[in-house]
Amino acid sequence: MARIVAGAATSHVPAIGAAIDNKKTEQPYWKRVFSGFEKSKQWMAAARPDVIIAIYNDHASAFSVELVPTFALGCATEFPPADEGWGPRPVPVVKGHPELAAHIAQSVILDEFDLTVVNKMEVDHGLTVPLNLLCGSPAQWPCPVIPLAVNVVLYPPPTGHRCFMLGRALRKAIRSWPQDLRVLVLGTGGMSHQISGPRAGLINSKFDKAFLDKLSRDPKKLTRIPHLEYMREAGAEGIELVMWLIMRGALDDKVDEVYRFYTVPASNTAVGHIILENRRGK
Amino acid sequence: MPRKQQDYDDIPGTFVFDAERSRQGYGINMFCMSLMKDENRKAFRANEAQYLKRFPLTADQTRAILERDYNRMLELGGNIYFTAKLGATDGHSFQHLAALMTGMTQEDYAAMMLAGGRPVEGNRSKSGKDKRRKSGAKRG
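Chains as they are written, first to last, in the numbering used here: chain D, 298 to 579; chain E, 1013 to 1152.
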């Protein structure tokens, strides 16, 4: 039986990717950010998941305004890095797990989550930056990755509650997969940031830290945050945090928080990161 | 038809990219998306006004693009992830755009971010409807 051993969440700031690609990680500004992920890389190397389910959002790379799926599951064999205007990032092609992805699609749709099946998709910094933060810059990513793209660009994104419940449905799907697999669920995006309009630059550390606390110990409270409050308190683009609730919904109610990191800023964004382990999953 | 007022219109300095703006701004965003191809960037640079005729844009939207009025583009249905592609085509960093939208110099904007960003206090509401929350009674 496949089982979810842990969940992690991290911001996916594009400038972090650019700092890696342009070898600026040792500069003091960036060192402050990257030093927070040293422990995560060690944790990741020890955790050795067989599959990562990566919850992220596309930023006008794979999906323009022609097609905006609320939840889109990557069922392809591989997902090349997207050209976001500066050429594709020099990172490995993301290898999928089409068999498990197909199983998840079938299971969660019958569980009333009508997600979109995607058989051809490029992935942008939203997915590849978190992989770098957890895995460094290897020649190949350490395991297959199933991308789950969530619309948080066109308002309204799915509600936090809906996201949490999708996490529950994912958990059920994974548990019903016969092969023994250790699965890591990765939530990305956030934390507080606004990159559009005259209010750009907004950061709310108090909101972010309370969010991290509740994510760890009392996540159901977070599922009641209305969209208005995310946008008001955490910035128009801070609403990406609903994606973290899919990750949390996929975990058990009680988890062990094994690591947390928070710093302001990376470019325009508050960087938050947390690793949560299922107690029975080890 | 005037825009239907939404609860989030009360957030200052913010143009939420909702379904109505997406409908209205389809041309802006598809124009920006076209700039992902080098041949299109060249055609746009060669004659901006002529190139924009390829897209369903109102006169206001065309003017906002030509004048690089990024806030106006957002107000008329552009989305930041798309309009950022126009900024990149012009050779600007994202921080340059952010500074433009906030009416700050890039230096001042960068300094604000380093100092912890724009505070939420005083930036929550146009109407002051959120006063209860300001007291810190309810959070997250």
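Think of the CB as a built atom: it goes at the ideal place given N, C-alpha and C, for glycine as much as any other residue.
- Query: Does the Cβ of L1126(E) have 16 or more other Cβ atoms within 10 Å, making it buried, or fewer, making it exposed?
  - Reply: exposed
- Query: Along chain D, in chain order, which residues have C-beta atoms closer than 9 angstroms to that of N1091(E)?
  - Reply: A357, V362, V450, L451 and S493
- To the nearest angstrom, report how far apart V1132(E) and G498(D) are at their CA atoms. 10 angstroms
- Message: I want to see whether chain E comes within less than 8 angstroms of E409(D), judged by CB atoms only; does it?
- Response: no
- How many angstroms separate the CA atom of I536(D) from the CA atom of F1067(E)? 30 angstroms
- So what does DSSP say about G1152(E), is it helix, strand or coil? For G1152(E), the pLDDT reaches just 38, beneath the cut-off of 50, and the residue's location in the model is therefore unreliable, although a value from the coordinates is still provided. Reduced to three states, the DSSP call for G1152(E) is coil.
- Item | Per DSSP, the bridge partner or partners of P325(D) | In the DSSP output, where bridge partners are listed per residue, P325(D) has none listed.
- Please check if any C-beta of chain D sits within less than 8 angstroms of the C-beta of F1027(E). yes
- Item | Under 9 angstroms (Cβ pairs) to chain E, residues found in the stretch 370 to 399 of chain D | D380, E381, G382 and W383
- Item | Under 7 angstroms by beta carbon: chain E residues contacting A533(D) | T1026 and V1028
- Message: Using only the alpha-carbon positions, how far apart do G457(D) and L451(D) sit?
- Response: 15 angstroms
- Query: How about the stretch 458 to 474 of chain D and the stretch 507 to 525 of chain D: do they share at least three Cβ pairs that are nearer than 8 angstroms?
  - Reply: yes
- Message: Taking the straight line between their C-alpha atoms, what separation do you get for K1150(E) and S1137(E)?
- Response: In this predicted model, K1150(E) has a pLDDT of only 44, less than 50, meaning its place in the structure is not dependable; the value taken from the coordinates is given anyway. For K1150(E) and S1137(E), the distance between alpha carbons rounds to 16 angstroms.
- Is I1077(E) near the ligand FAD, going by C-beta to nearest heavy atom under 7 angstroms? The ligand FAD is not part of this structure, which contains no ligands at all.
- Query: What residue does the beta strand (DSSP E) around H570(D) start on, and which one ends it?
  - Reply: T566 to N575
- Closest by C-alpha distance to M1042(E), when choosing among M1113(E), G1090(E) and T1101(E): G1090(E)
- For T1117(E), which residues in chain D fall below 7 angstroms Cβ to Cβ? Going along chain D, no residue has its Cβ under 7 angstroms from T1117(E), so there is no contact; the nearest lies around 13 angstroms.
- Message: Please give me, in chain order, every unbroken run of the beta strand (DSSP E) with length at least 3 that falls completely inside the stretch 1056 to 1117 of chain E.
- Response: none
- Message: Distance cutoff 8 angstroms, beta carbons only. Does M528(D) sit that close to anything in chain E?
- Response: yes
- Task: With DSSP as the reference, label H356(D) as helix, strand or coil.
- Result: coil
- Message: Cutting at 7 angstroms between CB atoms, please list the residues of its own chain near I301(D), excluding the five before and the five after it.
- Response: R468, I471, V480, V482, A547, L548, N575 and G578
- Message: Suppose contacts are defined by Cβ-Cβ distances below 8 angstroms. Is S1105(E) in contact with D1022(E) by that definition?
- Response: no
- Item | Delimiting residues of the beta strand (DSSP E) encompassing Y556(D) | V552 to A563
- Message: For L412(D), list the residues DSSP reports as bridge partners.
- Response: DSSP lists no partner for L412(D).
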